[in-house]
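Taking it in order: structure first as structure tokens, then the write-up.
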Amino acid sequence: MSERFLTYFAADVAALMALGARLCPLLKTGDVLTLTGELGAGKTTLARGLIQSALGTAQDVPSPTYTLVQSYELSHYELWHCDLYRLAAPDDVLELGLIDMEADIVSLIEWPDKMGGHLNPQALNCHITFKDGGREVVLSGPAHWRSRLEGLGI
Ligand SMILES: Nc1ncnc2c1ncn2[C@@H]1O[C@H](COP(=O)(O)OP(=O)(O)OP(=O)(O)O)[C@@H](O)[C@H]1O
Ligand SMILES: [Mg+2]
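Structure representation (structure tokens):
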């Protein structure tokens, strides 16, 4: 059962990255964060904000468009940033090792629909849409996320 927790308006790239930065300390090993929205919505931008807040802004955070997975050793967890847009079939996600590793990492997954039934039902979803020249982000997922998201301070 998915609940809608909050709606956040990001007027510009910096505001969208700031939401990612706020999410970073709330996550722990085993968490799955899905990023949805059409091409160019800002999924990678939000992921970049989250990752760079932990690594420092000097570090490049490329889109995993072609590699499908980029992994990062952050201070409190290992994080895999995945872009499944080019996944040909849901079962191909098994070859990436994402399912085997899921319990030991934090997964940030763009285009999660591509993994079909392999997607963890406990995932928190950030859905991004175009609005008023910026972006609107809706966070939704299973009820247990509600209390954790209070730490966002939004
Ligand atoms: N809040 C915002 N307001 C205006 N423009 C934004 C905002 N956030 C991101 N953008 C712009 O929108 C684009 C988003 O690109 P990004 O790669 O993050 O999208 P994506 O959802 O990951 O796309 P893809 O589906 O191709 O992976 C970038 O050009 C970025 O500069
Ligand atoms: Mg992207």
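Taking this note's numbering, the leading residue of the sequence shown gets 3, the next gets one more, and so forth. Glycine is no exception: its CB is placed at the ideal position from the N, C-alpha and C atoms. This one's a predicted model, so the numbers in the text were calculated from it and none came from an experiment.
Asked	Found
Would Asp85 pass as a contact of Glu104 if the rule is Cβ separation under 8 Å?	no
With 16 as the cutoff for other CB atoms within 10 Å, does Thr47 come out buried or exposed?	buried
Relative to the C-alpha of Gly99, which residue among Pro123, Leu70 and Gly118 is closest?	Leu70
Residues near ligand 2, CB to any non-hydrogen atom under 7 Å, in chain order?	Lys45, Thr46, Ser65, Thr67, Asp85 and Glu112
For the 8 Å Cβ check, are there 3 or more pairs between the stretch 130-137 and the stretch 35-47?	yes
What are the residues that DSSP puts in a beta bridge with Glu138?	Phe11 and Thr131
In the DSSP assignment, find the unbroken beta strand (DSSP E) run with Glu152 in it and report its ends.	Per DSSP, Glu152 belongs to no beta strand (DSSP E) and is neither H nor E.
Could you check which residue in Gly119, His146, Leu96 and Ala23 has the C-alpha nearest to that of Leu52?	Ala23
Taking the C-alpha atoms as reference points, what is the distance between Leu156 and Glu97?	In the sequence as displayed, the identity of residue 156 is Ile instead of Leu. Ile156 and Glu97: Cα-Cα distance of roughly 38 Å.
For Ser95, write down the residues that DSSP places opposite it in a beta bridge.	The sequence given here has Val at residue 95, not Ser. Note: Val95 sits in no beta bridge, so no partner.
DSSP three-state label for Glu112, please.	strand
Taking Cβ to Cβ, would you say Ala56 is nearer than 8 Å to Leu76?	yes
How many angstroms separate the CA atom of Ala60 from the CA atom of Gln54?	8 Å
From this set, Arg88, Leu81 and Asp115, which residue's C-alpha is nearest Asp106's C-alpha?	Leu81
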